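The listed protein sequences derive, respectively, from chains A and B. Position one of the first sequence corresponds to residue 1 (this note's numbering), numbered consecutively onward. Position one of the second sequence corresponds to residue 1 (this note's numbering), numbered consecutively onward.
There are 2 protein chains.
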Amino acid sequence: MAVAYRYLWECSRFYRRKFEEAGLGPDSVHSVDDLPKIPLTHREEWLEDQEANPPWGTFSPLRDEDWLERGWMFFSTSGTTAKSPRVFRHTTFDRDIWGYLGARGLHSMGIRNGDLAILCFSYGTSVGFWSMHYALHHMGVPLISGGGANTERRAMFIQNYRPTVLMCTPSYVLYMGRKMEALGISPRESSIRLICASGEPGACVPATKKRVEELWGAEIHDHFGCTEVAMPPLGYPCSHLVKRKDKPVDSHLMEDVYIPEALDPQTYQPVPEGQPGVLVVSNLYSEAQPILRYVMGDWIAISTEPCECGRTHARAVGGLRGRNDKLIKIRGLLFFPAAIEDAIRSLPEVGDEFRVELDHVGDMDQVKVTIEPSPQTAEISDRERRAKVVEALKGTLGLRVDLEVVPYGSLPRSKFKSDRLTDRRPKLFNPHGE
Amino acid sequence: MAVAYRYLWECSRFYRRKFEEAGLGPDSVHSVDDLPKIPLTHREEWLEDQEANPPWGTFSPLRDEDWLERGWMFFSTSGTTAKSPRVFRHTTFDRDIWGYLGARGLHSMGIRNGDLAILCFSYGTSVGFWSMHYALHHMGVPLISGGGANTERRAMFIQNYRPTVLMCTPSYVLYMGRKMEALGISPRESSIRLICASGEPGACVPATKKRVEELWGAEIHDHFGCTEVAMPPLGYPCSHLVKRKDKPVDSHLMEDVYIPEALDPQTYQPVPEGQPGVLVVSNLYSEAQPILRYVMGDWIAISTEPCECGRTHARAVGGLRGRNDKLIKIRGLLFFPAAIEDAIRSLPEVGDEFRVELDHVGDMDQVKVTIEPSPQTAEISDRERRAKVVEALKGTLGLRVDLEVVPYGSLPRSKFKSDRLTDRRPKLFNPHGE
């Protein structure tokens, strides 16, 4: 902690300015106990810094000449919110650490020598799956790169070469499984025994997890991090946590290299253990990208209760629950999109794809849900299906929704990250104020 | 040589059988002088072996358990000729060697610390660009992965982050440059100073090389190998060879780890130095994929004359000239497709894309060439252009062709490897017999 602080003080113009503004000096931080003195960093500050100082910003302590001397790769966010994506340069030192820490996460899930992995992602500049790629290298676990290949070719790779581990987004794992079924290949009978999913909360959404496990006859594990601060996994379940069916899916947190805090979103004071708070993370190990008290923004409940697997690091109870800024309020009730996903996918009458549209008409929020029938429940009439689903959603979400049922296959298929919720209501209220 | 032979004798069922059939024993090969005793291996033998022993064949000396213990990645051919692609498993040992040998090639071209590379390929299971990726890692040269990104996003990466080295196929480098021009971005004024092209002979085709160099204001270097036997470059030019404009573009050959032979395609006896022969290669260094006397099949002329750069390895004069099985005979004249490409692209009146169609009508080969006008020569009338091009092709190819001129932009754009020649003639003759 003292070293990371001093490194940023000396080498990051961005952090030096923030520290000085907070009245801190070069020797103000000696240990984790000094954490509360350190100002928080919000996503917007970083964005402004990079736009004011293109292309790299003044955030990273890495000097240009060092990157060009011992550089590795360049990563970026998808760049939908700004005119250019936010970018992050990492070094060979970072690559070695990523490989080691990433391997720790994959080992915790139960990946071992003897496994063969197939990575179904596009090998662009997103962090997540590159981190798995190099973690597998560190472990000596061979892999098949699915970059550029279509789902048919990836299915052929699975049939012919029998990989045991599949790495992709939760959206893609459902899409791919259904596509294989349509091609006459059973995902359940395939060689895949373990799925490592990243990019979306799906693997921690109980109903999605259950669907994937039934479709593939395999365990699904969530691997979460964030481009800004946690390139190898910040959170990953052990096989013990994934196998229990009666409780939420927790994730272990890599506490020796990341310091996670759960804070109140208004006061930014710590919430009691086990209570949900907004996740703030410090990264203590990176050469190019150390960062202290970054407001990652996802809701998290941290528990230090020992896990039955023997790991002593804290856990995120139920994984991550979505970003604070994605929390939505419908008729006075607060929801994360993942909660709606969970409610819909827990209904066997409903297919994998769905759409939720929110409108404000008169004084009332209108919720319209569009679903497809699941092909396994063809014997039910449309009227019966509609009644069952409306009733069940009212029971689980506490909302009466307008339901539209469209033919199977007509909703768009999400292959990478999903975006199934459209909120057209005027932004009249702050969902977090009362 | 003795070690590679003994390793294959002990561990490769495929080679053991071939050696025994040739009357060789475990101690029959002591040095390079024993090379002529070793039987040749043709592509078809490998294909048959893999189809008979799916999925890996009996070719590689690598045991399944070793791959699963210290595996790296899986590579494949594109699989257009067989029901499944031919596949190659490599180990962490191979990865280290690839990195080192690949770096030697890139260093020879003039890539150094201080450079930043952008790789525009899909990061699938093809060998070529992965080899560059890990070679850059070995050198500490940072890179931007262009996997999954479209040309607009790649152009944005070039504009914002100023990479100095571009890696892609020769087809794509022309496509990308024109696309950038259409977007109002000048490739000539971009940060790219060096292009490393692979996958097609383009960088050694003088007219294509000249076009690329003028379009980009950058050197273009050919990086050639082959999935079966030469994963890091077998051939690569030094900056001295690329800069000279008056002679063909030679490539250095990595003679200490590959043994290249130029043989007569009928007798498989060595041709005299400097004469064109069919390329046969032995790979002496790989753990997973050593191979002796593989008929790579490209035409090559080998020269041991010292290069002015000081490198003492032999050179491929004019690079590779195409595969023996792609040699075509038109009205009694033998051509490689690259010769046609060279003739067409040397005409300033013609755009980058073209199509060649061969038919046999009556007793006569018909050659139809479809071109687009180059946008830089809009002042010439269509009739004038047609006359100029027909005349010039008659002069360089020695053939009268039917010429069709279609509007600029109407021929399909090749983004990966090109396939611009269609031969619909009945297979009546062996082009190599007289």
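Every residue, glycine too, gets a C-beta built ideally from N, C-alpha and C. If you're wondering where the values come from, they're calculated on a predicted model, not measured in any experiment.
> G318 (chain A) versus chain B: which residues are under 7 Å apart at the beta carbon?
Replying inline: Reading the first sequence from its first residue, position 318 is the one you call residue 318 (chain A). Those within 7 Å of G318 (chain A) in chain B number zero; the least Cβ separation is about 31 Å.
> Got a sec? Which residues, its chain only, sit under 8 Å from L253 (chain B) by beta carbon, not counting five neighbours each side?
Replying inline: One-based indexing of the second sequence puts residue 253 (chain B) at position 253. Only L234, G235, P260, I302, H313, A314, R315, A316 meet the Cβ criterion.
> Does any C-beta atom of chain A lie closer than 8 Å to the C-beta of E69 (chain B)?
Replying inline: If you number the second sequence from 1, residue 69 (chain B) lands on position 69. It does: the Cβ of E69 (chain B) has a partner Cβ on chain A nearer than 8 Å.
>> So, under 8 Å CB-CB, P276 (chain A) and I300 (chain A) are touching, yes? Tell me the CB distance rounded to an integer number of Å.
In response: Position 276 of the first sequence, counted from the start, is the residue given in the question as residue 276 (chain A). Position 300 of the first sequence, counted from the start, is the residue given in the question as residue 300 (chain A). Correct: roughly 7 Å between the Cβ atoms.
>> At a CB distance below 7 Å, what residues from the segment 117 to 130 of chain A approach chain B? Give them in sequence order.
In response: The residues in question are S122, Y123, G124, T125.
> Once you ignore the five residues that flank P232 (chain A) on each side, which residues in its own chain have a CB closer than 6 Å to its CB?
Replying inline: For the purposes of this step, residue 232 (chain A) is identified with residue 232 of the first sequence, where counting begins at 1. Closer than 6 Å at the Cβ level, and outside the excluded window around P232 (chain A), lie W98, L101, G102, S131.
> Just the Cα atoms here: how many angstroms apart are T77 (chain A) and G199 (chain A)?
Replying inline: Position 77 of the first sequence holds residue 77 (chain A). Position 199 of the first sequence holds residue 199 (chain A). Cα-Cα distance, rounded: 12 Å.
>> I need the DSSP call for P36 (chain A), collapsed to helix, strand or coil.
In response: Working through the first sequence from its first residue, we reach residue 36 (chain A) at position 36. Of the three classes helix, strand and coil, the one that applies to P36 (chain A) here is helix, per DSSP.
>> Give the list of continuous beta strand (DSSP E) stretches no shorter than 3 residues that lie fully inside the segment 161 to 213 of chain A.
In response: Within the segment 161 to 213 of chain A, complete beta strand (DSSP E) segments of at least 3 residues are found at 165 to 168, 194 to 197, given in chain order.
>> Buried or exposed, going by whether 16 or more other CB atoms sit within 10 Å of the CB of A387 (chain A)?
In response: Here residue 387 (chain A) refers to the residue found at position 387 of the first sequence. Classification for A387 (chain A): exposed.
> Can you tell me where the beta strand (DSSP E) with W56 (chain B) in it begins and where it stops?
Replying inline: Indexing the second sequence from 1 puts residue 56 (chain B) at position 56. Note, W56 (chain B): premise wrong, no beta strand (DSSP E); not H, not E.
>> Taking beta-carbon pairs under 8 Å, can you tell me which members of the segment 92 to 114 of chain A lie near chain B?
In response: T92, R95, N113, G114
> Taking R413 (chain B) as the reference, which of B:S12, B:T151, B:E379 has the closest Cα?
Replying inline: Along the second sequence, read from residue 1 onward, the residue named residue 413 (chain B) stands at position 413. Here the closest residue by C-alpha is B:T151.
> What's the gap between the Cα of A155 (chain B) and the Cα of A117 (chain B)?
Replying inline: In the second sequence, counting from the first residue as 1, residue 155 (chain B) sits at position 155. In the second sequence, counting from the first residue as 1, residue 117 (chain B) sits at position 117. Cα to Cα, A155 (chain B) sits roughly 13 Å from A117 (chain B).
> In chain B, which residues lie with their C-beta within 8 Å of the C-beta of R89 (chain A)?
Replying inline: As a working note, residue 89 (chain A) is residue 89 in the first sequence. Residues of chain B passing the Cβ test: P142.
> What in chain C is Cβ-close to S145 (chain A), meaning under 7 Å?
Replying inline: As a matter of chain content, chain C is missing from the structure shown, whose protein chains are A and B.
> In three-state terms, what does DSSP make of P373 (chain A)?
Replying inline: Residue numbering aside, residue 373 (chain A) sits at position 373 when the first sequence is read from its first letter. If DSSP states are grouped into helix, strand and coil, P373 (chain A) belongs with the strands.
> From what residue to what residue does the alpha helix (DSSP H) around D96 (chain B) run?
Replying inline: Within the second sequence, numbered from 1, the residue matching residue 96 (chain B) stands at position 96. Segment 92 to 109, the alpha helix (DSSP H) holding D96 (chain B).
> Interface residues of chain A around A149 (chain B) at Cβ under 7 Å?
Replying inline: In the second sequence, the residue the question calls residue 149 (chain B) occupies position 149. Chain A residues near A149 (chain B): G124.
>> Strictly below 9 Å CB to CB, what residues from chain B border N53 (chain A)?
In response: The count along the first sequence starts at 1 and reaches residue 53 (chain A) at position 53. Result: empty, since nearest Cβ-Cβ is about 13 Å, beyond 9 Å.
>> Give me the DSSP bridge partner(s) of P276 (chain A).
In response: Position 276 of the first sequence, counted from the first residue, corresponds to residue 276 (chain A). BP columns for P276 (chain A) point to A:A301.
> Based on Cα-Cα distance, which residue from B:A338, B:Q366, B:N53, B:T91 lies nearest to P290 (chain B)?
Replying inline: Here residue 290 (chain B) is taken as the residue at index 290 of the second sequence, counted from 1. Closest by alpha carbon: B:T91.
>> Against Y161 (chain A), what residues of chain B qualify as contacts under a CB-to-CB distance less than 8 Å, listed in chain order?
In response: Taking the first residue of the first sequence as position 1, residue 161 (chain A) is located at position 161. The contacting residues are P55, F74, V87.
>> Using a 10 Å radius around the Cβ and a threshold of 16 neighbouring Cβ atoms, would you call H432 (chain B) buried or exposed?
In response: The sequence position of residue 432 (chain B) within the second sequence is 432, counting from 1. In this prediction, H432 (chain B) scores a pLDDT of 45, lower than 50, which makes its location untrustworthy; the coordinate-derived value is nonetheless stated afterwards. Under this definition H432 (chain B) is an exposed residue.
> In chain A, which residues lie with their C-beta within 7 Å of the C-beta of H313 (chain B)?
Replying inline: Locating residue 313 (chain B) in the second sequence gives position 313, where the first residue counts as 1. The contacting residues do not exist; H313 (chain B) stays about 29 Å from chain A at best.
>> Rounded to the nearest angstrom, what separates E189 (chain A) and L47 (chain A) at their Cα positions?
In response: Locating residue 189 (chain A) in the first sequence gives position 189, where the first residue counts as 1. Locating residue 47 (chain A) in the first sequence gives position 47, where the first residue counts as 1. Going by the C-alpha atoms only, they are around 47 Å apart.
> Between which two residues does the beta strand (DSSP E) carrying T514 (chain B) extend?
Replying inline: Because residue 514 (chain B) is not part of the residues shown, which for chain B are 1 to 434, the question remains open.
> With a Cβ-Cβ cutoff of 8 Å, do V249 (chain B) and D222 (chain B) count as a contact?
Replying inline: Your numbering for residue 249 (chain B) matches position 249 in the second sequence. Your numbering for residue 222 (chain B) matches position 222 in the second sequence. Yes, they are a contact pair.
> Out of B:V3, B:E255, B:V278, which has the shortest C-alpha to C-alpha gap to P265 (chain B)?
Replying inline: By 1-based counting over the second sequence, the position of residue 265 (chain B) is 265. Of the candidates B:V3, B:E255, B:V278, the one whose C-alpha sits nearest the C-alpha of P265 (chain B) is B:V278.
> Smallest Cα separation from E167 (chain A): which of A:P39, A:K415, A:L292, A:P426?
Replying inline: Translated into positions along the first sequence, residue 167 (chain A) becomes position 167. The identity of residue 167 (chain A) in the sequence shown is Met, whereas the question assumes Glu. The candidate whose alpha carbon is nearest that of M167 (chain A) is A:K415.
> Does DSSP classify C309 (chain A) as helix, strand or coil?
Replying inline: For this step, residue 309 (chain A) is matched to residue 309 along the first sequence. Residue state, collapsed to three classes: coil.
>> Starting from L358 (chain A), trace the beta strand (DSSP E) in both directions and tell me its first and last residue.
In response: Here residue 358 (chain A) is taken as the residue at index 358 of the first sequence, counted from 1. Residues 350 to 361.
> What number of angstroms, rounded off, separates the C-alpha of V205 (chain B) from the C-alpha of V350 (chain B)?
Replying inline: Counting from one through the second sequence, the residue named residue 205 (chain B) turns up at place 205. Counting from one through the second sequence, the residue named residue 350 (chain B) turns up at place 350. Going from the Cα of V205 (chain B) to the Cα of V350 (chain B) covers about 16 Å.
>> I'd like to know whether the C-beta of H360 (chain B) is nearer than 8 Å to at least one C-beta of chain A.
In response: Translated into the one-based positions of the second sequence, residue 360 (chain B) becomes position 360. So, not an interface residue.
> For Q50 (chain A), does the count of other Cβ atoms within 10 angstroms reach 16, so buried, or fall short, so exposed?
Replying inline: The residue you call residue 50 (chain A) lines up with position 50 of the first sequence. So Q50 (chain A) ends up on the buried side.
> Just by C-beta distance, which residues in the segment 26 to 55 of chain B are closer than 9 Å to chain A?
Replying inline: P54, P55
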